[in-house]
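Encoded as structure tokens, the structure appears first; notes follow it.
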Amino acid sequence: GESVGLHLPTLSVQEGDNSIINCAYSNSASDYFIWYKQESGKGPQFIIDIRSNMDKRQGQRVTVLLNKTVKHLSLQIAATQPGDSAVYFCAFDNYGQNFVFGPGTRLSVLP
Amino acid sequence: NAGVTQTPKFRVLKTGQSMTLLCAQDMNHEYMYWYRQDPGMGLRLIHYSVGEGTTAKGEVPDGYNVSRLKKQNFLLGLESAAPSQTSVYFCASSYLVSGRAAGINEQFFGPGTRLTVL
Chain A
1 GESVGLHLPT LSVQEGDNSI INCAYSNSAS DYFIWYKQES GKGPQFIIDI RSNMDKRQGQ
61 RVTVLLNKTV KHLSLQIAAT QPGDSAVYFC AFDNYGQNFV FGPGTRLSVL P
Chain B
1001 NAGVTQTPKF RVLKTGQSMT LLCAQDMNHE YMYWYRQDPG MGLRLIHYSV GEGTTAKGEV
1061 PDGYNVSRLK KQNFLLGLES AAPSQTSVYF CASSYLVSGR AAGINEQFFG PGTRLTVL
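One line per chain: the protein sequences are A and B, in this order.
Its first residue numbered 1, the first sequence is counted upward by one per residue in my numbering.
Its first residue numbered 1001, the second sequence is counted upward by one per residue in my numbering.
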């Protein structure tokens, strides 16, 4: 089946530095990509999304980059804060029916 | 708006018992999903529904059944619980956009149900 993978399962960054979380996907037909943040004991929460007709989208302190040629998605967090500590999941739509999620990357922000 | 709600929040079952998890959304979303999340792993899709009266199998459907009799509710049933079904279960819903950006949109997740099967 289709799959999504992450290059780094854990990431530790110093407070104030920028964070980059990567994701590789295999379904070239996917049209829609999402990054979610999951804090301990809670459900995933939407951060930012991007459709396949774009290669970059910016939100508040977050940027998502999409490289369709190599099927790669990344999430950049600027000026990482302690509140950004969480598990981050990438996901993509599976032929418009459902979503495939990656295994997640745990982001730890060091003081 | 309450968003997506799940009941119960916690449950302990004995092997062979049955139970139903209820998911409700008040956003008039067409799509609803049930996932399970195991320690250190991502979300795996159990079943999903693209509209009232429809259901479809996801990645790990065995041992589960679902029903979507009303648009706002999506029920997940375990007929005979097994220890391998110990997990945290998340429900989610999403809407369909039309036009140039046609397709499903972001999912809204419930708070989860922690199920332990002894």
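Glycine is no exception: its CB is placed at the ideal position from the N, C-alpha and C atoms.
Remember, predicted model here, so these are calculated numbers, not experimental data.
Practice task
With DSSP collapsed to three states, give me the class of B:Gly1077.
Solution key: strand
Practice task
Enumerate in chain order the residues of its own chain whose CB-to-CB distance from B:Leu1045 is below 8 Å, with the five nearest sequence positions on each side excluded.
Solution key: Tyr1033, Trp1034, Tyr1035, Gly1058, Glu1059 and Val1060
Practice task
Under 8 Å by Cβ, that's how I've got A:Trp35 and A:Val64 pegged, so tell me the actual separation to the nearest angstrom.
Solution key: 6 Å
Handout entry: Residue-chain proximity (B:Phe1111, chain A), Cβ-Cβ < 8 Å
Key = Sequence check: residue 1111 of chain B is Pro here, not Phe. Yes, B:Pro1111 counts as interfacial toward chain A.
Exercise for the section: Please classify B:Pro1039: is it buried, with 16 or more other beta-carbons within 10 angstroms of its beta-carbon, or exposed? Expected result: exposed
Exercise for the section: Could you check if A:Gly16 is buried or exposed, using at least 16 other CB atoms within 10 Å of its CB as the buried criterion? Expected result: exposed
Problem - Limits of the beta strand (DSSP E) - the one that B:Thr1020 falls within - result: Met1019 to Gln1025
Practice task
Indicate whether the contact test is met: 3 or more Cβ pairs, each with one atom in the segment 1063-1077 of chain B and one in the segment 81-91 of chain A, closer than 8 Å.
Solution key: no
Problem - Rounded straight-line distance, which links the Cα of B:Ile1104 to that of A:Phe92 - result: 10 Å
Handout entry: Residue of A:Ile20, A:Ala78, A:Ser52 and A:Leu107 minimising C-alpha distance to A:Gly59
Key = A:Ala78
Exercise for the section: Can you say whether A:Leu8 is buried or exposed, counting buried as having 16 or more other CB atoms within 10 angstroms of its CB? Expected result: Residue placement at A:Leu8 is flagged as unreliable, the pLDDT there being 45, under the threshold of 50; a coordinate-derived value is accordingly withheld.
Problem - Bounding residues of the beta strand (DSSP E) (the contiguous stretch that carries A:Asp49) - result: Gln45 to Arg51
Exercise for the section: Please report how far the alpha carbon of A:Gly1 lies from the alpha carbon of A:Gln45, in whole angstroms. Expected result: Any reading at A:Gly1 needs caution, since the residue's pLDDT is 45, under 50, leaving its predicted position unreliable; the model's value is listed next. A:Gly1 and A:Gln45: Cα-Cα distance of roughly 25 Å.
Exercise for the section: Apply the 10 Å Cβ neighbour rule to B:Phe1010 and answer buried if 16 or more other Cβ atoms are within range, or exposed otherwise. Expected result: exposed
Problem - Bridge-paired residues (DSSP) for B:Arg1114 - result: B:Phe1010 and B:Val1088
Problem - Buried or exposed by the 16-neighbour rule on C-beta atoms within 10 Å, applied to A:Gln14 - result: exposed
Problem - Beta carbon proximity, A:Gln60 to chain B, threshold 8 Å - result: no
Problem - Residue environment, A:Lys56, which counts as buried when at least 16 other CB atoms sit within 10 Å - result: exposed
Exercise for the section: Locate the beta strand (DSSP E) running through A:Ser108, then write down its first and last residues. Expected result: Thr105 to Leu110
Exercise for the section: Check whether the Cβ atoms of A:Lys42 and A:Tyr88 sit closer than 8 Å, and answer yes or no. Expected result: no
Practice task
Determine the direct distance from the alpha carbon of A:Glu39 to that of A:Phe99, and round the result to whole angstroms.
Solution key: 20 Å
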